[in-house]
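Colleague: Let me begin by handing over the structure; questions about it come next.
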Amino acid sequence: MMDNQAQAIEVDRSIPKIIVLAALGIIFSFFFGYFLKLFILESRLDFLLFSFLVFLSFLTVFLIGVFFIKSGFRASQIIFLESLAFLAAFYNHLSVNIAIGALASFLILLWANYSGRLELENMMKIRFWRVGKKVLPKAIAALALFIGIAYVSVGGMDEKEFFISQSTFEKMISPVVNMKIVQNFLPGFNLFLPVGELAKNLAVNQIEQNSQLKLLPANVKNQLINQSAKELEDKFSDFIGAPVNPKIGTLETLYRAMVKKFSELPENIRVVVPVGVAVLIFLSIISLALPIRWLATILAYFIYEICLALGLSVIMLEGRSREIIILK
94 MMDNQAQAIE VDRSIPKIIV LAALGIIFSF FFGYFLKLFI LESRLDFLLF
144 SFLVFLSFLT VFLIGVFFIK SGFRASQIIF LESLAFLAAF YNHLSVNIAI
194 GALASFLILL WANYSGRLEL ENMMKIRFWR VGKKVLPKAI AALALFIGIA
244 YVSVGGMDEK EFFISQSTFE KMISPVVNMK IVQNFLPGFN LFLPVGELAK
294 NLAVNQIEQN SQLKLLPANV KNQLINQSAK ELEDKFSDFI GAPVNPKIGT
344 LETLYRAMVK KFSELPENIR VVVPVGVAVL IFLSIISLAL PIRWLATILA
394 YFIYEICLAL GLSVIMLEGR SREIIILK
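Reading the sequence shown from the start, the letters are residues 94 to 421 in the working numbering.
See below:
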């Protein structure tokens, strides 16, 4: 009787419900990749928010699957399809790097699922939070790895000399430039302006903020503005290590200087730099793993309790025997 009950517990009996759970995981993984791609290409904060929400939803469903899907083979199939969904979202930007990122994420997600199922097997009583602590850090690492690789690969796909395209670079910088605190501290600061015009704006602000200089005659103030603007241009030129054209946009000038510096690096270092950027993105996400894990665990636990309350799932007692060793 005990053996029959144990077998019943370890078998997936409700295939339709598992299909629904798998479908949700695949849908969430696809839209996570889709909104991630849109954010990389357009740097819009709403796409970042949507990507994070779907990221959280995927983690929630992934953790629920550890509890409800008993077959390791079936769980592996679902994780494989979820990993393919990452790639499907990047259908028009596929590359070897993104494929490797998806493969690495698949393997880490497999590890996360296996760790959770192993933890469940070793428990006499279900400890939801303990299982979540085993599963979610690995799942977050898998997605963070994919994000880092995708960001570097897609962001620089159209650029042969540099691993980030000019348009992506400008979209990365623009949210910082437009921050209210920056504009309050440096009124008129706009990196999209030509270098000469930006330097002149900053020089005018310096003079306007000085009550004594404001009283000077107009021709004297103009001389000071031109002199200060020229000094700012010289400082900017020294900063980037190259002469500047006052008529070219500041961001474009910065980007060209970065490309030039990058091209002058030894070949072995140039190869490492994109990897370093991907690692930096990965570590930035991992640093937020704890609050993300808490959010996903709370959501998953809420769904877990609803399933129990509605009779969609049930907790059963399993009779088991185990080996022990004693001294005779």
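Glycine included, C-beta positions come from ideal geometry on N, C-alpha and C.
Using the C-alpha atoms, what's the distance from proline 339 back to phenylalanine 148?
Modeller: Those two C-alpha atoms are separated by around 44 Å.
Colleague: Check this for me: beta carbons of phenylalanine 395 and leucine 344, under 8 Å apart or not?
Modeller: No, Cβ-Cβ distance for phenylalanine 395 and leucine 344 is not below 8 Å.
Colleague: Note down, one range per segment and in chain order, each alpha helix (DSSP H) of at least 4 residues found wholly within the segment 115-192.
Modeller: Runs of the alpha helix (DSSP H) inside the segment 115-192: 138-161 and 165-182.
Colleague: Would you tell me roughly how many angstroms separate the C-alpha atoms of lysine 253 and leucine 347, rounded to the nearest one?
Modeller: Bear in mind that the predicted position of lysine 253 carries a pLDDT of just 46, short of 50, making it unreliable; the figure below should be weighed with that in mind. Rounded to whole angstroms, lysine 253 to leucine 347 spans 17 Å at the Cα level.
Colleague: Exposed or buried, lysine 293, counting other C-beta atoms within 10 Å across all chains shown (16 or more means buried)?
Modeller: Lysine 293 comes out buried.
Colleague: Going by the DSSP bridge assignment, what does glycine 342 pair with across the sheet?
Modeller: Partner(s): Pro287.
Colleague: Can you tell me the Cβ-Cβ gap for glycine 172 and asparagine 206, rounded? I've got them flagged as a contact below 8 Å.
Modeller: In the sequence as presented, glycine is not what sits at residue 172; that position holds isoleucine. Yes, isoleucine 172 and asparagine 206 are in contact; Cβ-Cβ is about 6 Å, under 8 Å.
Colleague: Quick one: what does DSSP say serine 380 is sitting in, helix, strand or coil?
Modeller: Reduced to three states, the DSSP call for serine 380 is coil.
Colleague: On the CB-based measure, 16 or more other CB atoms within 10 Å of its CB, does aspartate 251 come out buried or exposed?
Modeller: Residue placement at aspartate 251 is flagged as unreliable, the pLDDT there being 44, under the threshold of 50; the coordinate-derived value follows with that caveat. Exposed, by the Cβ-count rule.
Colleague: When DSSP labels each residue in this structure, what does valine 423 get in the three-state scheme?
Modeller: Past the boundaries of the shown model lies residue 423; the chain is included only from 94 to 421, so the question cannot be answered.
Colleague: Given leucine 174, which residues of its chain have a CB within under 6 Å of its CB, disregarding the five upstream and five downstream residues?
Modeller: So the list reads Ile119, once near-sequence residues are dropped.
Colleague: Tell me the DSSP secondary structure of isoleucine 233 in three-state form.
Modeller: If DSSP states are grouped into helix, strand and coil, isoleucine 233 belongs with the helices.
Colleague: For proline 109, does the three-state DSSP call read helix, strand or coil?
Modeller: Proline 109: helix per DSSP, three-state reduction.
Colleague: What three-state label does DSSP hand isoleucine 418 in the structure shown?
Modeller: Confidence at isoleucine 418 is low in this model, with a pLDDT of 42, below 50, so the placement of that residue is unreliable and no value is reported for it.
Colleague: Just the Cα atoms here: how many angstroms apart are phenylalanine 124 and cysteine 400?
Modeller: Computed Cα separation, rounded: 25 Å.
Colleague: Please report the straight-line C-alpha distance between glutamate 212 and isoleucine 391, rounded to a whole angstrom.
Modeller: So the two alpha carbons sit approximately 19 Å from each other.
Colleague: Distance check for leucine 376 and alanine 168, CA to CA, integer angstroms please.
Modeller: Their Cα atoms are separated by approximately 28 Å.
Colleague: One question on the structure: do glycine 126 and alanine 197 come within less than 8 Å of each other, judged by their Cβ atoms?
Modeller: Not closer than 8 Å, so no.
Colleague: Put glycine 225 into one of helix, strand or coil per three-state DSSP.
Modeller: DSSP places glycine 225 in helix when its eight states are reduced to three.
Colleague: Assuming asparagine 190 and isoleucine 240 are in contact, meaning their beta carbons sit under 8 Å apart, how far apart are those beta carbons, in whole angstroms?
Modeller: At roughly 13 Å, the Cβ-Cβ gap does not stay under 8 Å, so asparagine 190 and isoleucine 240 are not in contact.
Colleague: Let me know the secondary structure DSSP gives glycine 404 once reduced to three states.
Modeller: DSSP places glycine 404 in coil when its eight states are reduced to three.
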